[in-house]
Structures are given as C-alpha cells and as structure tokens.
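Okay, so the sequence shown: first residue is 1 according to UniProt numbering, each after it adds one.
Report on the structure given below.
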Amino acid sequence: MSTHTSNRKITTANIRQMKGKGSIVSLTAYTKPMASFMDPYVDLIIVGDSTGMVAYGFDSTLPVTLDMMIAHGAAVVRGAERACVVIDMPFGSYQESKELAYRNAARILTETGAQAVKIEGGLELVETVEFLVSRGIPVMPHIGLRPQHANALGGFKAQGRDDDAVGLLVKEAQAFEAAGAFSVLIEGVFEKAARRVTETIAIPAIGIGASPECDGQVLVTEDILGLFSDYTPKFAKKYVDLSVQIKEVFAEFEREVRAGDFPSDEHCFGLKK
1 MSTHTSNRKI TTANIRQMKG KGSIVSLTAY TKPMASFMDP YVDLIIVGDS TGMVAYGFDS
61 TLPVTLDMMI AHGAAVVRGA ERACVVIDMP FGSYQESKEL AYRNAARILT ETGAQAVKIE
121 GGLELVETVE FLVSRGIPVM PHIGLRPQHA NALGGFKAQG RDDDAVGLLV KEAQAFEAAG
181 AFSVLIEGVF EKAARRVTET IAIPAIGIGA SPECDGQVLV TEDILGLFSD YTPKFAKKYV
241 DLSVQIKEVF AEFEREVRAG DFPSDEHCFG LKK
C-alpha cells in the first residue's frame, strides 16, 4: 500500500528536502501504462536511456536519440500524476557545450512536461550543471558507473575501488551540489564509496548498485519484473518473473486460435446463432 498521503505533484524541491531520510523510492519507466502502475508508490520516475537496451535491443545506450527520449518522456509524464519525472539526456546531447545542453534540456522539459533532466559525467560537467540550473532547469548528475562512458571506462565495471577513486567521487558530488543540482545518482560503485558520498553532501544521493546508506534507491523496472534477461546486473533484485506468465498467456492464445476456440460468441459483434 502506498505511503503517500497527498495528491500534490512531487517536485525536485520536495526530493531535495528528503535528504537524510533514506526513503526515496524510484524506478524507471518508458511508457504511460508502466508509469501509471508505479505512480502511487514511487517518488521519482526516471525515464532512462536504458530504454535503448531494454526496449530497442541495442548493445548499449549510445544509439538512443533525443527524439526517442522526448517521445518516451512525454508518454511517462502522461501516466505520472504524482511522481517527479526525470529524463535522461542521451549521449551527445549535452557534452559539446553548455549552450547545446541548455537547448536540448529545454526541449526535453517543454515537450514532455517533465520536472528535471539527468546527465552522466564528472567534474567536466560542473559548469554545464550550473549553467542549466541558473536558467531554470533542475539537474540530477549521474556519477560512478556511467553507461554512456562504458567505452572510456573499459566496460561496465564497478567504480570507487580505492581511496583516490572514492575521493574523486566525493569531489564530483560536492561540486555538483555547489552548482545547484537537486540530487545525485550514484551507480555501480563500491559500498564504502557510495556511503562516503552520501555522508558528505547535503542533497539526496540516489543509489543503484551503491549502498543501503544512500538517501534513496532506483532500479530498472524490467529487471525487477523479470522482463529483461539479456543481462542481469549484480544489484538488480528480481521480485517476480513475469516472463513466465507472459509466455503462458501467449501459448494459451495460440492454442485457442489453432483449435478454433477463440474468438467465441462473446467476443464478436452482432453474431447470432
């Protein structure tokens, strides 16, 4: 049962105020129906560029385009009456310059109705975040394992392995906080690194494969529902395997059609015996 008690739309300011409570609930969504299902139970819905792998079958998130993210984002917003919606900016849409980032982020917010954007990067993007925030665009930076940077990072490897790496993550998070970010997402890092980041910033740290000490948690919805089997990360808990039920339904439909049992009279317009 949902713990929400108000029908008021959750804003980025509300999320920021949840620092230290450890209870921010977040999932990914790419369609209106899925957003509608989760809306009563989550605080944040992230329209991730993970849709490239989950829905389109790409090997990475790199082929995802701005137009794709806007289309999915608009669909999710139509299904999210309460949750704060954050949309990923895809690879190449913000790295070139802060001006390009602003133009594309503005398109995302105006064409979808979402509340914020998410960008992957480190210290090189602090100026961009400050530029966006100062112009009315809330930003959630994404640090640690950054899928858009998998080629540069040498694959999908856990980050924050040593003291130097932990120190860099803390420096990045603090710099983004100073630049005006309303929260930070930390992905695929060693637990001590995520815990250290969470302790040293005054904005919420949302973890995915990070630490139970983070201010909130997010997972890819298809992972927890058993709807994506190409790759299952260590941190993804499968709460149910809906793929089994779905295949059973498909098999039953096939059997009924081949046997002539579907459609029956109740499924036909104006059929009289």
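Think of the CB as a built atom: it goes at the ideal place given N, C-alpha and C, for glycine as much as any other residue.
Just so we're clear, the structure is a prediction, and the values are computed from it rather than from any experiment.
Under the three-state DSSP convention, the category residue i falls into
i: residue 28; result: strand
i: residue 259; result: helix
i: residue 168; result: helix
i: residue 205; result: strand
i: residue 9; result: coil
i: residue 215; result: coil
i: residue 140; result: strand
i: residue 159; result: strand
i: residue 254; result: helix
Cut-off 6 Å between Cβ atoms - residues of its own chain near residue i, not counting five sequence neighbours on either side
i: residue 241; result: 226
i: residue 213; result: 195 and 198
i: residue 25; result: 42 and 43
Rounded distance between the beta-carbons of residue j and residue i, thought under 8 Å
i: residue 47; j: residue 76; result: 5 Å
i: residue 160; j: residue 190; result: 5 Å
i: residue 139; j: residue 83; result: Going by Cβ atoms, the distance from residue 139 to residue 83 rounds to 18 Å, so no, they are not a contact pair.
i: residue 61; j: residue 87; result: The pair is not a contact, with the Cβ atoms about 13 Å apart (cut-off 8 Å).
i: residue 141; j: residue 125; result: 7 Å
Cβ neighbours of residue i in the same chain (closer than 8 Å, five flanking residues each side left out)
i: residue 127; result: 98 and 179
i: residue 268; result: none
DSSP bridge partner residues for residue i (one or two, in chain order)
i: residue 54; result: BP columns for residue 54 are empty, so no partner.
i: residue 116; result: 86
i: residue 177; result: DSSP, once it has assigned bridges, lists no residue as partnering residue 177.
Nonlocal neighbours in the same chain, by C-beta distance under 7 Å from residue i, ignoring five residues either side
i: residue 10; result: 43, 82, 83 and 84
i: residue 80; result: 35, 39 and 45
i: residue 33; result: 79
*Decide yes or no for the touch test of the region 52 to 70 against the region 241 to 250: beta carbon pairs closer than 8 Å, at least 3 of them.*
no
*Is the number of C-beta pairs between the region 8 to 25 and the region 59 to 73 that are closer than 8 Å three or more?*
no
*Segment contact, 8 Å Cβ cut-off, at least three pairs: the region 164 to 183 with the region 191 to 208*: yes
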